[in-house]
Amino acid sequence: MPRVVLETNRGRIVMQLDREKAPRTVENILFHVENGFYDGLIFHRVLPGRIIQAGAYTPEMRRRESPRPTLPNEANNGLRNVRGSVAMARLPDPHSATTQFFINLADNPRLDFTAETPQGWGYAVFGQVVQGMDVVDAIGQTPTGTQGAMSDVPLQPVIIQRAYVEGG
Numbered sequence: 235m236p237r238v239v240l241e242t243n244r245g246r247i248v249m250q251l252d253r254e255k256a257p258r259t260v261e262n263i264l265f266h267v268e269n270g271f272y273d274g275l276i277f278h279r280v281l282p283g284r285i286i287q288a289g290a291y292t293p294e295m296r297r298r299e300s301p302r303p304t305l306p307n308e309a310n311n312g313l314r315n316v317r318g319s320v321a322m323a324r325l326p327d328p329h330s331a332t333t334q335f336f337i338n339l340a341d342n343p344r345l346d347f348t349a350e351t352p353q354g355w356g357y358a359v360f361g362q363v364v365q366g367m368d369v370v371d372a373i374g375q376t377p378t379g380t381q382g383a384m385s386d387v388p389l390q391p392v393i394i395q396r397a398y399v400e401g402g
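So the sequence shown is numbered by our numbering: it starts at 235 and just counts up by one.
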């Protein structure tokens, strides 16, 4: 199973990706990591006790767009939104994920797949933090505020300085 390292200005996070359970999602994440997409982006959303989210915005809150189409939702894969799991963020359309992901700070069963309905699709888990959960928890305690139209944005930017495939 591939591992992705996020070197942040708060410390190092290592995520193990589950290619068997979420093949298209993992391929998409690896494509973006290998092409430097996440380098310089921030964790732009922090919900204490719930999630930290990244994968689209620069410290200046400029959105970085993916060159790839949206992903089919792979949430019906048996993986759950438990503490330390990594899942794809998306819009209300269940098949709208592109590059944004979140790390669960706690078990979040309400985010799990229940049915192939607009309300039941849930959020596709594709990996697990295997090192650096202390860093994740620290990010989850970051004071937040509003920036432009976005709320829950860390007041001090939490920057992904570099993302890479471990051993790659």
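Every residue, glycine too, gets a C-beta built ideally from N, C-alpha and C.
Task: Own chain partners of Asp371 with C-beta closer than 8 Å, once the 5 adjacent residues on each side are dropped - done: By 1-based counting over the sequence shown, the position of residue 371 is 137. Contacts found: Leu339.
Task: Simplified DSSP assignment, three categories, for Pro388 - done: In the sequence shown, residue 388 corresponds to position 154, counting from 1. Here Pro388 sits in strand by DSSP.
TODO: Sort Thr351, Gln375, Asn342 by Cα distance to Val359 and report the nearest one.
DONE: Here residue 359 corresponds to residue number 125 of the sequence shown, with the count starting at 1. Of Thr351, Gln375, Asn342, the residue nearest in Cα terms is Asn342.
Task: Nonlocal neighbours in the same chain, by C-beta distance under 8 Å from Arg297, ignoring five residues either side - done: Residue 297 sits at position 63 when you count from the first residue of the sequence shown. Here the set comprises Ala290, Tyr291.
Task: Where Met235 sits in the DSSP three-state scheme - done: Position 1 of the sequence shown, counted from the start, is the residue given in the question as residue 235. In the structure shown, Met235 sits in coil (DSSP, three-state: anything other than H, G, I, E or B).
Open item on the list: Do Met295 and Gly379 have their beta-carbon atoms positioned less than 8 Å apart in this structure?
Closed with: Reading the sequence shown from its first residue, position 145 is the one you call residue 379. Reading the sequence shown from its first residue, position 61 is the one you call residue 295. No, the pair does not count as a contact, with Cβ atoms beyond the cut-off.
TODO: Please classify Thr351: is it buried, with 16 or more other beta-carbons within 10 angstroms of its beta-carbon, or exposed?
DONE: Numbered from 1 along the sequence shown, position 117 holds the residue referred to as residue 351. Burial state of Thr351 is exposed, judged by a 10 Å Cβ sphere holding fewer than 16 other Cβ atoms.
TODO: Could you tell me the distance, in whole angstroms, from the CA atom of Leu275 to the CA atom of Asn243?
DONE: Here the question's residue 275 lines up with position 41 in the sequence shown. Here the question's residue 243 lines up with position 9 in the sequence shown. Cα-Cα distance, rounded: 11 Å.
Open item on the list: On the DSSP bridge list, what partners appear for Met295?
Closed with: Locating residue 295 in the sequence shown gives position 61, counting from the first residue. Per DSSP, none; premise fails for Met295.
Task: Beta-carbon proximity check, Pro282 vs Pro391, cutoff 8 Å - done: Working through the sequence shown from its first residue, we reach residue 282 at position 48. Working through the sequence shown from its first residue, we reach residue 391 at position 157. The answer is no: Cβ separation not under 8 Å.
Open item on the list: If you reduce the DSSP assignment to three classes, tell me which class Val369 lands in.
Closed with: As a position in the sequence shown, residue 369 is number 135, starting the count at 1. In the structure shown, Val369 falls within a helical segment according to DSSP collapsed to helix, strand and coil.
Task: Under the three-state DSSP convention, the category Asn342 falls into - done: One-based indexing of the sequence shown puts residue 342 at position 108. When secondary structure is reduced to three states using DSSP, Asn342 falls in the coil class, being assigned neither helix nor strand.
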